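Numbering (this note's numbering), first residue to last: 3 to 152. Don't be surprised by glycine CBs; every beta carbon is placed ideally from N, CA and C. As the structure is a computational prediction, the values presented were derived from the model and not from experiment. Structure first, then comments.
Set out below in structure tokens:
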């Protein structure tokens with residue numbers, strides 16, 4: 003289910019005001035996890051790549067280095083062995099005051115995820131599929147029928 007921006011904002015506001023530690027929802031088919039840890043919120047957004055697809059994390063370190071001036075998120079691996087981007091947001095005493103910076107940070111993380119995902123599209127191995135034949139060859143008997151009918 004796709005949430006609208008106002009639904010996400012309302013959900014975040016309720017979560018910030020609650021004693022609930024973790025909140026998860028999907029953005030563009032990727033899981034966003036928010037976890038309260040003391041005075042900090044950890045934001046974790048999944049990338050469309052697993053350790054099985056890209057066993058060497060060097061690519062993610064290179065992406066981090068290239069985007070260091072643009073992005074704050076750092077690469078990580080979650081419990082499902084999927085690559086993700088992690089960032090942190092300061093939690094204030096007021097849920098209302100914490101909401102705007104949190105939304106801004108989520109937007110920045112989504113932008114980073116979309117940028118990295120487009121770069122990963124060229125790096126992640128695609129499953130091999132057999133090409134479908136363009137022309138179905140005729141058997142020898144089918145070929146011979148053409149000569150005998152003329």
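Among the options, whose alpha-carbon lies nearest the alpha-carbon of residue i?
{"i": "residue 28", "options": "79, 36 and 21", "result": "36"}
{"i": "residue 80", "options": "58, 16, 68 and 53", "result": "53"}
{"i": "residue 32", "options": "85, 124, 121 and 96", "result": "85"}
{"i": "residue 46", "options": "107, 124 and 120", "result": "107"}
{"i": "residue 10", "options": "117, 59 and 26", "result": "26"}
{"i": "residue 70", "options": "7, 117 and 123", "result": "117"}
{"i": "residue 18", "options": "88, 73, 94 and 83", "result": "94"}
{"i": "residue 82", "options": "30, 55, 8 and 38", "result": "55"}
{"i": "residue 91", "options": "30, 120 and 105", "result": "105"}
{"i": "residue 72", "options": "96, 8 and 112", "result": "112"}
{"i": "residue 97", "options": "12, 8 and 7", "result": "12"}
{"i": "residue 30", "options": "124, 21, 68 and 7", "result": "7"}
Any idea if residue i is buried or exposed, counting beta-carbon neighbours within 10 angstroms, 16 or more meaning buried?
{"i": "residue 63", "result": "exposed"}
{"i": "residue 114", "result": "buried"}
{"i": "residue 48", "result": "buried"}
{"i": "residue 14", "result": "buried"}
{"i": "residue 5", "result": "exposed"}
{"i": "residue 40", "result": "exposed"}
{"i": "residue 100", "result": "buried"}
{"i": "residue 43", "result": "buried"}
{"i": "residue 23", "result": "exposed"}
Excluding five sequence neighbours on each side, which residues of the same chain lie with their C-beta closer than 6 Å to the C-beta of residue i?
{"i": "residue 122", "result": "51"}
{"i": "residue 76", "result": "88"}
{"i": "residue 38", "result": "23"}
Am I right that residue i and residue j are in contact with their C-beta atoms under 8 Å? What's the rounded C-beta distance?
{"i": "residue 110", "j": "residue 74", "result": "7 Å"}
What residues in its chain sit with their C-beta under 8 Å from that of residue i, if we drop five residues either side in the sequence?
{"i": "residue 65", "result": "77, 118 and 121"}
Which runs of the beta strand (DSSP E) fall wholly inside the region 49-105 and span at least 3 residues, in chain order? Those beta strand (DSSP E) runs which fall completely within the region 49-105 and span 3+ residues are 76-79 and 84-92.
Report the start-end ranges of each alpha helix (DSSP H) in the region 6-50 that is 4 residues or longer and not cut off at the edges. 7-19
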